[in-house]
Amino acid sequence: MASSKTLLSATAAVILATSLFWTLTSSSSSPSSADSIAFIKKTIDSNKIAIFSKSYCPYCKRAKSVFKELNQVPYVVELDERADGRDIQDALGELVGRRTVPQVWVKGKYIGGSDDTVEAYESGELAKLLGIESFTENDRLDKIVLLVDGLLSASSPLLRFE
């Protein structure tokens, strides 16, 4: 009976020591949540367009391509290329309620992820927020016609959209 009490006490001590070790090492090797949140807020406030991303993520690439289409250069924080990337991603979860990337802000306004960014682009909301001209589908078709004007006539069957 005494040996089972000793074993139980030893097990509890190991669990407590392990928990204490992880708490101390994780807080000393990475910035605190408050530091990460401060970094995020400073990044958002200091840049017209801020994107928290991962370099290999197809959804992040999609969101970044929207701004390329608008001839805008976002400030991009590639979380997978930073030692504190996981801490920043955790802090993003605290701020907006989700840890997924991309996370996009325009002029301090939270847009959301990839789908939200594309939707804001297609609706003209991004162009409006950025104070730039928005393009409709007809404008795009007009550009196509101008691009091929010297190569094809407007009555060419290659320009029919059926």
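Residues -27 to -1, 1 to 135, numbered by mature numbering (1 follows the signal peptide of the UniProt record, and there is no 0), are exactly what the sequence shown covers, in order.
Backbone N, C-alpha and C fix where the C-beta goes; we use that ideal spot for every residue, glycine too.
No experiment lies behind these values; they were computed from the predicted model shown.
Rounding to the nearest angstrom, what Cα-Cα distance links residue i and residue j in this structure?
i	j	result
PRO47	LYS21	7 Å
GLY81	ASP18	6 Å
TYR32	THR73	10 Å
TYR29	LYS37	12 Å
From the options, pick the residue whose C-alpha is nearest to that of residue i; which is it?
i	options	result
GLY66	GLY86, LYS80 and GLU106	GLY86
GLU92	TYR29, ASP57 and VAL77	VAL77
ALA56	GLN45, LYS27 and LYS80	LYS27
SER6	ASP88, TYR94 and GLY58	GLY58
LYS34	ALA11, THR90 and ARG71	THR90
So what's residue i in DSSP terms, helix, strand or just coil?
i	result
PRO4	Residue placement at PRO4 is poorly supported in this model, since its pLDDT is 48, which falls under 50; the coordinates are not used for a value here.
ALA56	coil
ILE22	strand
TYR32	helix
GLN45	coil
GLY66	helix
VAL91	helix
In chain order, what residues of the same chain have a beta carbon less than 7 Å from the beta carbon of residue i, not counting five sequence neighbours either side?
i	result
VAL69	GLN76 and TYR83
GLU106	ALA100
SER1	Residue placement at SER1 is poorly supported in this model, since its pLDDT is 40, which falls under 50; the coordinates still yield a value, given next. If we look at SER1 and ignore the five residues flanking it on each side, it has no Cβ neighbours.
LYS41	none
In chain order, what residues of the same chain lie with their CB nearer than 8 Å to the CB of residue i, ignoring the 5 residues before and after it?
i	result
ILE13	PHE25, ILE61, ALA64, LEU65 and LEU68
GLN45	LYS21, ILE22, LEU103 and ILE105
>> Quick check: the segment 48 to 63 against the segment 100 to 109, are at least 3 beta-carbon pairs closer than 8 Å?
In response: no
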